[in-house]
Amino acid sequence: MTDELAWETLDAEVAYACPGFDVVHEDVRLPDGTDTDFDYMREGDSVVVLPFTEGDDVVVIEEWRQAVDRVNRGLPAGSIEPDDEDPDAAAHRELREETGYAADSVSHLYTAEPANGYADSTFHYYVARGCAPVDDQDLDYNESIRVETTDFDALLDAVRDGTLRDGRSAVGIMHYALFER
Numbered sequence: 000m001t002d003e004l005a006w007e008t009l010d011a012e013v014a015y016a017c018p019g020f021d022v023v024h025e026d027v028r029l030p031d032g033t034d035t036d037f038d039y040m041r042e043g044d045s046v047v048v049l050p051f052t053e054g055d056d057v058v059v060i061e062e063w064r065q066a067v068d069r070v071n072r073g074l075p076a077g078s079i080e081p082d083d084e085d086p087d088a089a090a091h092r093e094l095r096e097e098t099g100y101a102a103d104s105v106s107h108l109y110t111a112e113p114a115n116g117y118a119d120s121t122f123h124y125y126v127a128r129g130c131a132p133v134d135d136q137d138l139d140y141n142e143s144i145r146v147e148t149t150d151f152d153a154l155l156d157a158v159r160d161g162t163l164r165d166g167r168s169a170v171g172i173m174h175y176a177l178f179e180r
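177 is the number that numbering that gives the first Met the number 0 gives to position 178 of the sequence shown; each next residue is one higher, with no gaps.
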């Protein structure tokens with residue numbers, strides 16, 4: 000049974016494609032019968048990893064973000080790729096690729112749709128435990144990443160005072176602080 004609020008998709012096409020996301024154009028019919036169009040960004044599923052070392056420090060990254068013209072501090076994150084068996088595997092892979100660290104274990108923390116008014120993005124948050132450096136980074140061609148470790152409370156303070164501005168990282172850090180700590 001369809002919800003009375005649901006829109007009917009009459010036609011859809013990719014209006015613009017680039018590495019990382021597509022812009023989809025849809026012709027839709029609203030519940031009141033009005034025909035209109037709607038555009039959204041199709042990005043798909045990603046993982047965001049809150050990685051703890053055996054000493055309980057957090058592995059964080061600093062990465063250049065062209066859209067905001069600055070270095071961004073945050074958590075390792077990235078798209079779930081077709082070769083990943085599941086989001087758990089993607090969390091292990093992204094952690095290793097972006098930081099060179101491997102985790103003894105990962106566990107699901109939270110799943111969010113951060114911008115579901117204009118994007119289909121879904122972020123699967125994970126806590127990684129027993130993280131240790133095991134290899135060099137294996138970065139994508141367009142990634143410039145520096146790796147550091149910090150105390151969780153310092154990271155939480157950075158969210159509180161606004162110096163950590165990356166929204167997807169802040170959500171994971173705050174969720175962990177509120178519900179898991």
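Each residue gets a CB set at the ideal place from its N, CA and C atoms; glycine is no exception. These numbers were taken from a predicted model, which means no experiment stands behind them.
Close CB contacts of residue 124 within its chain, under the 6 Å cut and outside five residues either way in sequence, are with 47, 108, 109, 171 (chain order). The straight-line gap separating the alpha-carbon atoms of residue 89 and residue 97 is approximately 12 Å. Close CB contacts of residue 3 within its chain, under the 8 Å cut and outside five residues either way in sequence, are with 30 (chain order). Beyond the five residues adjoining it in sequence on each side, residue 169 comes within less than 7 Å, by CB distance, of 158, 163 in the same chain, given in chain order.
In the structure shown, residue 21 falls within a strand segment according to DSSP collapsed to helix, strand and coil.
Buried is the label assigned to residue 73, since at least 16 other Cβ atoms lie within 10 Å of its Cβ. The secondary-structure analysis by DSSP pairs residue 7 across a beta bridge with 28.
Residue 146 is a Cβ neighbour of residue 60, given a cutoff of 7 Å.
No Cβ-Cβ contact shorter than 7 Å links residue 129 with residue 179.
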